[in-house]
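Peer 1:
Chains as they are written, first to last, in my numbering: chain A, 31 to 268; chain B, -7 to 388.
Right under this line is the structure:
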């Protein structure tokens, strides 16, 4: 019996309109299935559509065609408000540039994510945020603002924020790309450990050795993205 | 974390910019509130301080100057009339009460007002009442033996520090005839609070020119006719002769109010312009703040915040800025009105009460919050329309 798929993409295409009326197809994926509770690493050269793919799965961008099922829900078919709520509850997103909110402390950045999902009861939100940050080695940094934290610490806060609502799926877009090698190794190890322990489905864009070595599956965008291989490129307007 | 706390965090995150925006709103609102309070208080001050007499008879000249000088002591005194005019009016069968008034120099800025005891008398038709907080009134002393007694208005007494029994004068030429404080009046909330009342005989005795004159001078006579139907006749008779003019104080008040209305119109225009500038400032501040944090807005959206949530955050921010500025402005406006009232009271005879709490304050605060929130509408829509994927691109 094959494992349940947490994410399934079928015939997904993403095109962007061009100024001359034509369009540029940047992503074309015929079939992609991510097994639940697995760690899948996505790699490929810059501009190969990795971030676009993550945005489509997260539902922050919509495909031009195709279906995307996340946790057995067709996110494309959902209304925008439902998709926002679904994303808050089912998907944790870790960004390459951390994207922490400067006016909020480490703890508040994590609590903020919970306030959009209504999964964790309000009275438990600060406690849970504190526990998550402590788990990632930031117990002494709860009240610090992002600018008072090192880059490695900032990314740990971003990871805690992605885990805040206990979503089954975590998307991470080169989470350690802007960290030095030693810090990147530490952060990645902590991140993978937490995801493994909690049984998350992790789709990770990374070139880190630690990630590649620990992955259940490594997907190369050069083979996944048919638009990338030249089978589909720009289309002229009629 | 609620929308309110998120908005508050953002405002505190850019504390200086938020404070400056709130201060600019407060300045605009304060200016408007102070203007409204002072303008209405000045009107009320004129009405409350106006004499209960129907007619003021004085020398030919500006009617407004006569009333301002005799009733409010805000202008230089008009030329003198003869005391005989008072005597004629007193004997006139149509006149119920006639009171002579001589406005003179000042002691430490507080005008000498020479009159007789009728000035303080209680009549059934009088709104203003005079009562002593201490001492007694001066008597109607004869011309050839003045008593040089003074009754001090409440503020004149408190600000000069004079007490009963004190002798005082200003200028060496007055040293021969020092006045003695015999009474202090309770506050009347009119120009009389700043007056030093003396008898006509005392005034004429102190003033060298008046002392030498056979027919003694007066500034004006306050007249109350027995019947209002006699008023037009008295008014006309004292206007057709070359020596005097008769003025209806209510008419002068109307002239003053008309002049104020022109100033108020100009002020309203200025306040409107100030309001528009403040709104533009709020708009620009919020718009640039929203532009600056489009990445953060996109991040919140990626974390699951709805478009309406980020719209509401910006609207609440502008509403809170407006509420803070509006509330601060109302306080500042009252403080400014209080200062203006103090200055007016010290420099003129107009006593105003600027601390009036009625529908104006809640109406202004509600209006400011609505307009402030409206100024945040475009920035809020910008936040609402922020493209998530576009603004999440990694920083180079």
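Using N, Cα and C, we set each Cβ at its ideal position, and we do this for glycine too.
Quick caveat, the model's predicted, so the values are computed rather than measured.
1. Count the other CB atoms, across all protein chains shown, that sit within 10 Å of the CB of residue 290 of chain B; report buried if there are 16 or more and exposed otherwise.
2. Please confirm whether residue 232 of chain B and residue 58 of chain B have their CB atoms less than 7 Å apart.
3. If residue 116 of chain A sits next to residue 105 of chain A, beta carbons under 8 Å apart, how far is it from one beta carbon to the other, in whole angstroms?
4. Whole angstroms is fine: what's the gap from residue 106 of chain B's alpha carbon to residue 85 of chain B's?
5. Taking buried to mean at least 16 other C-beta atoms within 10 Å of its own C-beta, is residue 80 of chain A buried or exposed?
6. Three or more C-beta pairs under 8 Å: does that hold for the stretch 310 to 320 of chain B against the stretch 10 to 23 of chain B?
7. Can you tell which of B/25, B/0, B/-5 has the C-alpha that lies nearest to the C-alpha of residue 353 of chain B?
8. Could you check how far apart the C-beta atoms of residue 214 of chain B and residue 104 of chain B are, in whole angstroms? I think they sit under 8 Å.
9. Note down, in chain order, each residue of its chain lying with its Cβ closer than 6 Å to the Cβ of residue 155 of chain A, except the 5 sequence neighbours on either side.
10. Between residue 279 of chain B and chain D, is any beta-carbon pair separated by less than 7 Å?
11. I need the DSSP call for residue 266 of chain A, collapsed to helix, strand or coil.
12. State the DSSP-derived secondary structure class of residue 377 of chain B, mapped to helix, strand or coil.
13. Are the stretch 104 to 124 of chain B and the stretch 192 to 211 of chain B touching by the rule of at least three beta carbon pairs closer than 8 Å?
14. So, helix, strand or coil for residue 394 of chain B, using DSSP?
15. Could you check if residue 237 of chain A is buried or exposed, using at least 16 other CB atoms within 10 Å of its CB as the buried criterion?
16. Nearest to residue 81 of chain B by alpha carbon, out of B/319, B/260, B/37, B/212?
17. In chain order, what residues of the stretch 302 to 330 of chain B put their CB closer than 9 Å to some CB of chain A?
18. Quick test of the definition: if touching needs 3 or more C-beta pairs under 8 Å, does the stretch 373 to 381 of chain B touch the stretch 300 to 309 of chain B?
19. Give the secondary structure of residue 123 of chain B by DSSP, where H, G and I count as helix, E and B as strand, and everything else as coil.
20. So with Cβ pairs under 7 Å, would you call residue 291 of chain B a contact of chain A?
21. Give the DSSP-derived three-state secondary structure of residue 77 of chain A in the structure shown.
22. Are at least three pairs of beta-carbons, each pair with one atom in the stretch 88 to 105 of chain A and one in the stretch 194 to 202 of chain A, less than 8 Å apart?
23. The alpha helix (DSSP H) spanning residue 266 of chain B covers which residue range?
24. At 7 Å on the CB atoms, spell out the chain B contacts of residue 252 of chain A, in chain order.
25. How big is the Cα-Cα spacing for residue 168 of chain B and residue 261 of chain B?
26. Per DSSP, what kind of secondary structure is residue 69 of chain A in: helix, strand or coil?
27. Whole angstroms is fine: what's the gap from residue 78 of chain A's alpha carbon to residue 138 of chain A's?
28. Would residue 145 of chain A count as contacting chain B if we go by Cβ distances under 7 Å?
29. Out of A/108, A/148, A/170, A/176, which has the shortest C-alpha to C-alpha gap to residue 129 of chain A?
30. Since residue 288 of chain B meets chain A, which of its residues come closer than 7 Å, beta carbon to beta carbon?
31. Please list, in chain order, the chain B residues whose beta carbon lies closer than 9 Å to that of residue 141 of chain A.
32. So, using beta-carbon positions, are residue 210 of chain B and residue 111 of chain B closer together than 7 Å?
33. What did DSSP end up calling residue 177 of chain A once you bin it into helix, strand or coil?
34. Can you name the residues of chain A whose CB is closer than 8 Å to the CB of residue 377 of chain B?
35. For residue 148 of chain A, name the three-state secondary structure that DSSP assigns.
36. Can at least three beta-carbon pairs, one atom from the stretch 48 to 55 of chain A and one from the stretch 220 to 237 of chain A, be found at a separation below 8 Å?
Peer 2: Walking through what the data contain:
1. For the purposes of this step, residue 290 of chain B is identified with residue 298 of the second chain, where counting begins at 1. It is buried - the Cβ of residue 290 of chain B has at least 16 other Cβ atoms within 10 Å.
2. Taking the second chain and counting its residues from 1, one reaches residue 232 of chain B at position 240. Taking the second chain and counting its residues from 1, one reaches residue 58 of chain B at position 66. No, these two residues do not count as a Cβ contact at 7 Å.
3. Taking the first chain and counting its residues from 1, the one referred to as residue 116 of chain A is at position 86. Taking the first chain and counting its residues from 1, the one referred to as residue 105 of chain A is at position 75. Indeed they touch by this definition, with Cβ atoms about 6 Å apart.
4. Walking along the second chain from the start, residue 106 of chain B turns up at place 114. Walking along the second chain from the start, residue 85 of chain B turns up at place 93. Distance between the alpha carbons of residue 106 of chain B and residue 85 of chain B: 25 Å.
5. Position 50 of the first chain holds residue 80 of chain A. Buried: at least 16 other Cβ atoms inside 10 Å.
6. yes
7. Here residue 353 of chain B refers to the residue found at position 361 of the second chain. For the residues B/25, B/0, B/-5, the minimum Cα distance to residue 353 of chain B belongs to B/25.
8. Position 222 of the second chain, counted from the first residue, corresponds to residue 214 of chain B. Position 112 of the second chain, counted from the first residue, corresponds to residue 104 of chain B. Contact doesn't hold; Cβ gap of about 17 Å is too wide.
9. One-based indexing of the first chain puts residue 155 of chain A at position 125. Counting only Cβ-Cβ distances below 6 Å, and skipping sequence neighbours, we find 141, 144.
10. Going by chain labels, chain D is absent from the structure shown, which instead holds the protein chains A and B.
11. Walking along the first chain from the start, residue 266 of chain A turns up at place 236. Any reading at residue 266 of chain A must be qualified, since the residue scores a pLDDT of 37, below 50, and its modelled position is unreliable; the value itself is stated next. Three-state result, residue 266 of chain A: coil.
12. In the second chain, counting from the first residue as 1, residue 377 of chain B sits at position 385. Here residue 377 of chain B sits in coil by DSSP.
13. yes
14. Within the shown structure, residues of chain B are numbered from -7 to 388, placing residue 394 of chain B beyond reach of any answer.
15. For the purposes of this step, residue 237 of chain A is identified with residue 207 of the first chain, where counting begins at 1. Under this definition residue 237 of chain A is an exposed residue.
16. Indexing the second chain from 1 puts residue 81 of chain B at position 89. When each option's Cα is compared against that of residue 81 of chain B, the closest is B/212.
17. none
18. yes
19. In the second chain, the residue the question calls residue 123 of chain B occupies position 131. Coil.
20. Looking up residue 291 of chain B in the second chain gives position 299. For residue 291 of chain B, the answer is yes, since a Cβ of chain A falls inside 7 Å of its Cβ.
21. As a first step, residue 77 of chain A must be located in the first chain, where it is residue number 47. Here residue 77 of chain A sits in coil by DSSP.
22. yes
23. Within the second chain, numbered from 1, the residue matching residue 266 of chain B stands at position 274. That run of the alpha helix (DSSP H) goes 241 to 284.
24. What you label residue 252 of chain A is simply residue 222 of the first chain in a count that begins at 1. Under the 7 Å cutoff, chain B gives no residues; its nearest Cβ is about 20 Å from residue 252 of chain A.
25. To locate residue 168 of chain B, count along the second chain from 1; it is residue 176. To locate residue 261 of chain B, count along the second chain from 1; it is residue 269. Their Cα atoms are separated by approximately 56 Å.
26. Position 39 of the first chain, counting from 1, holds the residue named residue 69 of chain A. Of the three classes helix, strand and coil, the one that applies to residue 69 of chain A here is strand, per DSSP.
27. By one-based count along the first chain, residue 78 of chain A stands at place 48. By one-based count along the first chain, residue 138 of chain A stands at place 108. The straight-line gap from Cα to Cα measures roughly 35 Å.
28. Looking up residue 145 of chain A in the first chain gives position 115. Taking Cβ atoms only, chain B reaches closer than 7 Å to residue 145 of chain A, which makes this a yes.
29. The residue labelled residue 129 of chain A in the question sits at position 99 within the first chain. The shortest C-alpha separation from residue 129 of chain A is found at A/176.
30. By 1-based counting over the second chain, the position of residue 288 of chain B is 296. 131, listed in chain order.
31. Working through the first chain from its first residue, we reach residue 141 of chain A at position 111. Within chain B, the residues near residue 141 of chain A are -7.
32. Here residue 210 of chain B refers to the residue found at position 218 when the second chain is read from its first residue. Here residue 111 of chain B refers to the residue found at position 119 when the second chain is read from its first residue. No; because the gap between Cβ atoms is not below 7 Å, this pair is not in contact.
33. Here residue 177 of chain A corresponds to residue number 147 of the first chain, with the count starting at 1. Three-state result, residue 177 of chain A: helix.
34. For this step, residue 377 of chain B is matched to residue 385 along the second chain. Near residue 377 of chain B there are no residues of chain A at all, since even the closest Cβ is about 12 Å away, more than 8 Å.
35. For the purposes of this step, residue 148 of chain A is identified with residue 118 of the first chain, where counting begins at 1. Three-state DSSP puts residue 148 of chain A in coil, outside helix and strand.
36. no
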